[in-house]
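Residues in the sequence shown are numbered from 3 upward in steps of one, following our numbering. Backbone N, C-alpha and C fix where the C-beta goes; we use that ideal spot for every residue, glycine too. Please read the structure below before turning to the comments.
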Amino acid sequence: MIKVKKFCPYCGAPLVKKESEGRMRYYCNNEQRFIYENPLPAATSLVTDGDGRILLVYRDIQPGRFKWALPGGFIEVGESPVEAAKRELFEETAIEASHPTLIDVLHENSKFYHTSILIIGYHFSKFTGTPKAGDDAKDAAFFPLKKLPELAFDGHEELIKKYLKMSKK
């Protein structure tokens, strides 16, 4: 699943494998440090309208191209997960959201990125704007819960299910 790393990202020297804390890890002899492999953090937005429908985007890029998904993407350096969720939501749908509630944090392996991803899912209870596809989305629309299309990512289905459980309480 995870690509084999050959060179240090800091100095370009060849990496070796060395045991640390009971695990084999990449090590740079030149830098004299371990090179840790960490999951990529992503933030996802679940927005519902007054009719209880969920906002989805039709992806125009891989992974998940030509499938529906929750709006979201990778967290950039210097922004919080909530800020990333809001930014991605606006870039992909032209919707501005507020009043976030954490749904859950999920772990998903990604063959496309050759690593694992931490998906931080938020429900936004308030929003302004009308969905309009932008950025890497080809379309954006609200769907009734009982007529959701097949989703691109298992984690998004799981977040929707967890949101529905939360909203019933």
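How many angstroms separate the CA atom of L161 from the CA atom of N32? 43 Å
Reference S1, options A86, S112, Q34, closest by Cα: Because the chain in this structure spans residues 3 to 171, residue 1 falls outside the shown range and cannot be described.
Hey, out of P133, C13, E23, whose CA is closest to C30's CA? C13
Output the residue ranges of the beta strand (DSSP E) runs that lie fully inside the region 20-60 and measure 3 residues or longer, sorted by chain position. 25-30, 35-37, 42-49
Tell me whether E78 sits in a helix, a strand or coil according to DSSP, three-state version. coil
What is the DSSP secondary structure of L161, reduced to helix, strand or coil? helix
What residue range is occupied by the uninterrupted alpha helix (DSSP H) comprising P83? 83-95
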